[in-house]
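The structure under discussion appears below in the form of structure tokens.
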Amino acid sequence: MTLSLRQMLRALRDDTSGIALTEMALVTPFLLGFSLFAIESTFLTIMHMRINQVAIHIADNASRIGDVSTLEDRKIYEADINDLLLGAHLQAGADVDLYEHGRVILSSLETKPDTGKQWLHWQRCKGKKVHASSYGKEGDTGGSFQGMGPKGNKVVAQPDDAVMFVEVVYEYQPLFSDMFVQNAEISAYSAFTVRADRDLTQIYQQDPSSPDALQVCSKYDAFAAT
2 MTLSLRQMLR ALRDDTSGIA LTEMALVTPF LLGFSLFAIE STFLTIMHMR INQVAIHIAD
62 NASRIGDVST LEDRKIYEAD INDLLLGAHL QAGADVDLYE HGRVILSSLE TKPDTGKQWL
122 HWQRCKGKKV HASSYGKEGD TGGSFQGMGP KGNKVVAQPD DAVMFVEVVY EYQPLFSDMF
182 VQNAEISAYS AFTVRADRDL TQIYQQDPSS PDALQVCSKY DAFAAT
């Protein structure tokens, strides 16, 4: 028994056995894309939180470091700063790889003894990302330099005191290449007032004959892999 062309077309029109499969084939790419976008967005949000926590961690610890003594103001050493920066790298975790993809800038905001003006006394940096401080460089004082931080929300130091101001800038590493996120630079800052009386004259070397490395801001490097 043979079917006419009209009957065959009518039978094809009425056959719904493959509709669900066809709909799934059409919708799946959109569902997959949305799912990947949601995962990437969530991970980016988490990374923002982690970088912010790193900035807080460094500023808080920087406000506490120093050689404890009841006879004189607390001295800080280059070794203290090196340990502080290494600790931040370890806290952030290998998946972040902070200094490979980012930059940490630690500044000591003080008041200049002879003028009383805001003064960026010293600055230490670590990380391969080429980025200068957004809020000042070592030696800045007076003029347009009236503290550190965004306009309208500047942090200032009080006389005979210091504020540890930290900037962290990180180049986000997407989970799915650059499909959903492009040029995602994460930045955070934090500031803590020094917790104890500190010798503000300089950063010392524990052994001047064998000095510890200085994490100066003209270098762009990470800690050597161990």
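Residues in the sequence shown are numbered from 2 upward in steps of one, following my numbering.
The C-beta atom is built at its ideal place from N, Cα and C for all residues, glycine as well.
Just so you know, these numbers come straight off a predicted model, no measurement behind them.
Report task. Check each candidate in GLY153, ASN83, GLU186 and name the one with the smallest Cα separation from HIS132. Result -> GLU186
Query raised in the report: Roughly how many angstroms lie between the CA atoms of PRO209 and LEU176, to the nearest whole one?
Result: 46 Å
**Report entry** Closest Cα partner of GLY245 within the set LEU215, ASP198, ASP179
**Finding:** Outside the modelled stretch of the chain, which goes from 2 to 227, sits residue 245, for which no answer is possible.
Requested in this report: Could you work out which residue in GLY128, LEU91, ARG7 is closest to GLU172 when comparing CA atoms only?
Outcome: GLY128
Query raised in the report: Under 8 Å, do GLU168 and SER134 count as touching if we go by C-beta distance?
Result: yes
Query raised in the report: From ASP96 to THR116, what distance separates their C-alpha atoms?
Result: 46 Å
**Report entry** Sheet register partners of ARG199 (DSSP bridge)
**Finding:** ARG75
Query raised in the report: Looking at C-alpha atoms only, which residue of HIS58, VAL55, SER108 is the closest neighbour of LEU228?
Result: The chain is shown only over 2 to 227; residue 228 falls outside these bounds and no answer can be derived.
Report task. Answer yes if the region 44-57 comes into contact with the region 85-100, meaning at least three C-beta pairs across the two stretches below 8 Å, and no otherwise. Result -> yes
Query - Residue span of the alpha helix (DSSP H) that contains ARG101, given as start and end - result: The amino acid occupying residue 101 in the given sequence is Glu; Arg does not appear at that position. Per DSSP, GLU101 belongs to the alpha helix (DSSP H) from 99-102.
Query raised in the report: For the beta strand (DSSP E) that contains TYR171, what are its first and last residues?
Result: 163-172
Requested in this report: May I ask which residues mark the beginning and end of the beta strand (DSSP E) holding PHE193?
Outcome: For PHE193, the uninterrupted beta strand (DSSP E) segment begins and ends at 186-194.
Requested in this report: Following the continuous beta strand (DSSP E) through LEU121, name the residue where it begins and the one where it ends.
Outcome: 119-127
Query raised in the report: Does the beta-carbon of GLN124 have 16 or more other beta-carbons within 10 angstroms, so that it is buried, or is it exposed?
Result: GLN124 sits buried, since 16 or more C-beta atoms from the chains shown fall within 10 Å of its C-beta.
Query raised in the report: THR142 and GLN119: beta carbons closer than 8 Å?
Result: yes
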